[in-house]
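Asks: In this text, residue positions in the sequence shown follow numbering that gives the first Met the number 0: the first is 0, and each later residue adds one.
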Amino acid sequence: MKHETQRTISDWARETFGEPKSNLSVAIRANEEMAEMLACLNRDDGDQHAAEEAADIIITLAVMFDRLGIDMVAEINRKMRINRERQWRLDGQGHGYHL
């Protein structure tokens, strides 16, 4: 089984679908994938198909990171360092908003 990377995902997407017209078009596609995941979870909060839709979101975002010339894992690590230092207002639902 192949171990995918940001580069292999982006290369596959470009070879399969062609070059995206814009970063906005990639973001819109990611949003469409998010809507598909939300539809799964709206039908059944435990729907295992939601994981496949979540993977599609990440695959689409890997293309976005590649187009921006940013290493996805490095950016997630950078952002998590920021998040770990922030203060948060909890919403009681297992989520929060930074102050």
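The beta-carbon is built from N, C-alpha and C at its ideal position, and this holds for glycine as well.
1) Quick one, which of C39, Q47, K78 and M33 has its alpha-carbon nearest L60's?
2) Under 8 Å Cβ to Cβ from W87, same chain only, skipping five residues before and after it: list those, please.
3) How about E74 and F64: are their beta carbons less than 8 Å apart?
4) Between the Cα of T68 and those of R6, M36 and Q47, spot the shortest distance and give me the residue it belongs to.
5) I need the straight-line Cα distance from E31 to R83, nearest angstrom please.
6) Spatial neighbours of A53 within its chain, please: C-beta separation below 8 Å, excluding the five flanking residues on both sides.
7) From A49, N41, C39 and R13, pick the residue whose C-alpha is nearest to that of R66; which is it?
Replies: With the structure as the only source:
1) Position 61 of the sequence shown holds residue 60. Closest option to L60, Cα to Cα, is M33.
2) Position 88 of the sequence shown, counted from the first residue, corresponds to residue 87. G95, Y96, H97 and L98.
3) As a position in the sequence shown, residue 74 is number 75, starting the count at 1. As a position in the sequence shown, residue 64 is number 65, starting the count at 1. Yes, the pair counts as a contact, with Cβ atoms nearer than the cut-off.
4) Position 69 of the sequence shown holds residue 68. The amino acid at residue 68 is misidentified as Thr; the sequence shows Gly. The option with the nearest alpha carbon to G68 is R6.
5) As a position in the sequence shown, residue 31 is number 32, starting the count at 1. As a position in the sequence shown, residue 83 is number 84, starting the count at 1. Distance between the alpha carbons of E31 and R83 is about 29 Å.
6) Indexing the sequence shown from 1 puts residue 53 at position 54. Answer for A53: M36, listed in chain order.
7) One-based indexing of the sequence shown puts residue 66 at position 67. The residue with the shortest Cα to Cα distance from R66 is R13.
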